[in-house]
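*Asks:*
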Amino acid sequence: MSGDLLAVHALLAEYGALLDLGHYDAWLDLFAAECRYSVVPRENYDAGLPVALILCDSRAMLEDRIDALRGANKYNIHTDRHLIGLPRIAAEHAGGLEIEAPFAVYQSDQEGDTRLFATGLYRDRLVPAGEALRIADKLVLLDTFAVPSLLATPL
Amino acid sequence: MSGDLLAVHALLAEYGALLDLGHYDAWLDLFAAECRYSVVPRENYDAGLPVALILCDSRAMLEDRIDALRGANKYNIHTDRHLIGLPRIAAEHAGGLEIEAPFAVYQSDQEGDTRLFATGLYRDRLVPAGEALRIADKLVLLDTFAVPSLLATPL
Amino acid sequence: MSGDLLAVHALLAEYGALLDLGHYDAWLDLFAAECRYSVVPRENYDAGLPVALILCDSRAMLEDRIDALRGANKYNIHTDRHLIGLPRIAAEHAGGLEIEAPFAVYQSDQEGDTRLFATGLYRDRLVPAGEALRIADKLVLLDTFAVPSLLATPL
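Protein chains in written order, with this note's numbering: chain A, 2 to 156; chain B, 2 to 156; chain C, 2 to 156.
1. Quick one: is Q111 of chain B buried, meaning 16 or more other Cβ sit within 10 Å of its Cβ, or exposed?
2. Can you check which of these residues, C:P103, C:A95, C:R66 and C:G72, is closest to L22 of chain A by C-alpha distance?
3. I think G86 of chain A touches G17 of chain B, with their Cβ atoms under 8 angstroms apart; what is that distance to the nearest whole Å?
4. Which same chain residues end up closer than 6 angstroms to A27 of chain C when comparing Cβ atoms and leaving out the 5 residues on each side of it in sequence?
5. Any C-beta of chain A sitting closer than 8 angstroms to the C-beta of G17 of chain B?
6. With DSSP collapsed to three states, give me the class of L127 of chain A.
7. Once DSSP output is grouped into helix, strand and coil, what is the label at V40 of chain C?
8. Taking the alpha-carbon of R71 of chain B as reference, which of B:H24, B:P42 and B:E99 has the nearest alpha-carbon?
9. So, at 6 angstroms on beta carbons, what are the nonlocal neighbours of Y38 of chain C in its own chain, with the 5 sequence-adjacent residues on each side left out?
10. Give the residues from the region 108-140 of chain B that approach chain A closer than 8 angstroms (Cβ to any Cβ), ordered along the chain.
11. Please state the DSSP three-state secondary structure of L50 of chain B.
12. Would the region 93-107 of chain A and the region 126-138 of chain A be scored as touching if the rule is three or more Cβ pairs under 8 angstroms?
13. Note the first and the last residue of the continuous beta strand (DSSP E) segment covering D81 of chain C.
14. Quick one: does T80 of chain C have its CB under 8 angstroms from some CB of chain B?
15. DSSP state of K139 of chain C, grouped into three classes?
16. CA-CA distance, L12 of chain B and D81 of chain B?
17. Could you tell me the alpha carbon to alpha carbon distance between A91 of chain C and H10 of chain A, rounded to whole angstroms?
18. Please work out which residues of its chain come closer than 6 angstroms, Cβ to Cβ, to L54 of chain B, disregarding the five sequence neighbours upstream and downstream, and give them in chain order.
19. Which of the three DSSP states is assigned to E64 of chain A in this structure?
20. For the beta strand (DSSP E) containing L98 of chain A, list its first residue and its last residue.
21. Taking only beta carbons into account, state which residues of the region 87-106 of chain C come closer than 7 angstroms to chain A, listed in chain order.
22. According to DSSP, is L31 of chain B part of a helix, a strand, or is it coil?
23. When the cut-off is 8 angstroms and only beta carbons count, does L31 of chain C lie next to chain B?
24. With a threshold of 7 angstroms on Cβ separation, who are the neighbours of V148 of chain C within its own chain once the five nearest residues in sequence on each side are excluded?
25. Which word fits S59 of chain C, buried or exposed, when buried means at least 16 other C-beta atoms lie within 10 angstroms of its C-beta?
Put into structure tokens, the structure is as follows:
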């Protein structure tokens, strides 16, 4: 168990760091070849209405989305900072590890003002890939959905 | 030492996750049979005036408090998100592990607006229970005491 | 690797806890005998203009700075809370470990109001010292530079 938990720590740290650095290719490499990435408001999810704000159900879709972001971010005047809290292993089975981790994302503008952008919960299924773990399914449950510029920021 | 630190990580992750999910029975199970839970403003504590905002000095009292919360939360229109920072082991002795961890709690309302609710420091005494750890004493030192709805939110 | 990652967790937890407790002597002991501490706005750093807001390139300078802080903090009416996110090991070589960790600092005033003070990224070089790690170089990349009272708060 302890080795798994440390590997989860390491993966989540990479996840946040690579997003904040804008290293999107390396970030994509954290996902398994067959993967799914979705962002769903927590309220919808709890009500059984999993209408996703974002849904990429293949790696190719996720890559397309990142390409679009790169174009949009030329005009992007903020920087992001992900703070990811301590993860827990919710289940462990043949299909991989199910983990959860809370997160907060802050944005800073060009004047150097920083504000809270969003909070939520990652609910991931992770699969082994050699000695490391890769993301097979990432569900971002979003507490904050009243965000003006959601689509321009990977969560 | 390293095994202990990972077990502390795991316990704190469970603690925050179960509160945010509203899984209060499972949250109670993180406490030892004999336990204490208190919330004290940091300023009072530093001044040697440990007047608690909340004090439960038995498991039965803590269970009563949670029952009251469940009633109040029927009218509760916010959701919580705990972010718990990296813990440190301050002491290790026959009575258990003394640990500290900083935390921030965010609240989101039904419009999907999120704001910082409170920050503070957990100062816990943890005792072994099989392979896991349980909370024998949890002192929540609260930086933020100007909160309107404190009693409705477990910290 | 896993032992190193846990040691990094432990060091960062000490770092934030000791600052928030105001235990500056113990905090200084986390640094190696030869060390460097600097605070640079992220924007400047990314533009190749590493003009530091703070630069201490010896342990003696860092000690002097802490003495000055102690004097200033007699009139200091806020308390700090560091939340340090999961670290990643960016490189490991003969000169030590290169690590990164995101952070947020909150401040609370005497009325018990808490607000976000700053976010940023620690980029540290750590060197072994017995079983623990010490900080040989700490670069604080600051997202937030529009802060009125920066100099009074160690980051």
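Note that the Cβ used here is the ideal one computed from N, Cα and C, for glycine as well.
*Replies:* So, from the listed chains and residues:
1. Position 110 of the second sequence, counted from the start, is the residue given in the question as residue 111 of chain B. Under this definition Q111 of chain B is an exposed residue.
2. On the first sequence, residue 22 of chain A is found 21 positions in, with the first residue counted as 1. Ranking C:P103, C:A95, C:R66 and C:G72 by Cα distance to L22 of chain A puts C:P103 first.
3. Looking up residue 86 of chain A in the first sequence gives position 85. Looking up residue 17 of chain B in the second sequence gives position 16. About 7 angstroms separates the two Cβ atoms, so the contact holds.
4. Counted from its first residue, the third sequence places residue 27 of chain C at position 26. Excluding positions up to five away in sequence, the list reads L19.
5. Here the question's residue 17 of chain B lines up with position 16 in the second sequence. It does; some Cβ of chain A falls within 8 angstroms.
6. Taking the first sequence and counting its residues from 1, the one referred to as residue 127 of chain A is at position 126. In the displayed model, L127 of chain A falls within a strand according to three-state DSSP.
7. Taking the third sequence and counting its residues from 1, one reaches residue 40 of chain C at position 39. Residue state, collapsed to three classes: strand.
8. If you number the second sequence from 1, residue 71 of chain B lands on position 70. Proximity to R71 of chain B across B:H24, B:P42 and B:E99 peaks at B:H24, based on C-alpha coordinates.
9. Against the third sequence, residue 38 of chain C aligns to sequence position 37. Excluding residues within five positions, the ones whose Cβ falls inside 6 angstroms are C57, L63 and K139.
10. Those would be S109, Q111, E112, G113, D114, T115, R116 and L117, in chain order.
11. The residue you call residue 50 of chain B lines up with position 49 of the second sequence. Correct three-state label for L50 of chain B: coil.
12. When Cβ pairs closer than 8 angstroms are counted between the two stretches, the region 93-107 of chain A is seen to touch the region 126-138 of chain A, the count reaching three or more.
13. Taking the third sequence and counting its residues from 1, the one referred to as residue 81 of chain C is at position 80. Counting along the chain, the beta strand (DSSP E) containing D81 of chain C begins and ends at T80 to I85.
14. Here residue 80 of chain C refers to the residue found at position 79 when the third sequence is read from its first residue. For T80 of chain C, at least one C-beta of chain B is nearer than 8 angstroms to its own C-beta.
15. Here residue 139 of chain C corresponds to residue number 138 of the third sequence, with the count starting at 1. In this structure, K139 of chain C counts as strand in the three-state DSSP scheme.
16. Along the second sequence, one-based indexing puts residue 12 of chain B at 11. Along the second sequence, one-based indexing puts residue 81 of chain B at 80. Computed Cα separation, rounded: 18 angstroms.
17. For the purposes of this step, residue 91 of chain C is identified with residue 90 of the third sequence, where counting begins at 1. For the purposes of this step, residue 10 of chain A is identified with residue 9 of the first sequence, where counting begins at 1. C-alpha separation (whole angstroms): 14 angstroms.
18. Within the second sequence, numbered from 1, the residue matching residue 54 of chain B stands at position 53. Short of 6 angstroms from the beta carbon of L54 of chain B, and not among the five residues preceding or following it, lie these beta carbons of its own chain, in chain order: V40.
19. Locating residue 64 of chain A in the first sequence gives position 63, where the first residue counts as 1. It is helical.
20. Residue mapping note: residue 98 of chain A aligns to position 97 of the first sequence, counting from 1. Annotation: the continuous beta strand (DSSP E) that includes L98 of chain A extends over G97 to S109.
21. Result list: L87, P88, R89, E101, P103 and A105.
22. By 1-based counting over the second sequence, the position of residue 31 of chain B is 30. It is coil, neither helix nor strand.
23. Position 30 of the third sequence holds residue 31 of chain C. No, no contact with chain B.
24. Against the third sequence, residue 148 of chain C aligns to sequence position 147. Counting only residues of its own chain and dropping the five nearest sequence neighbours on each side, V148 of chain C has a CB closer than 7 angstroms to the CB of F118 and A119.
25. The residue labelled residue 59 of chain C in the question sits at position 58 within the third sequence. S59 of chain C is exposed by the Cβ-count criterion.
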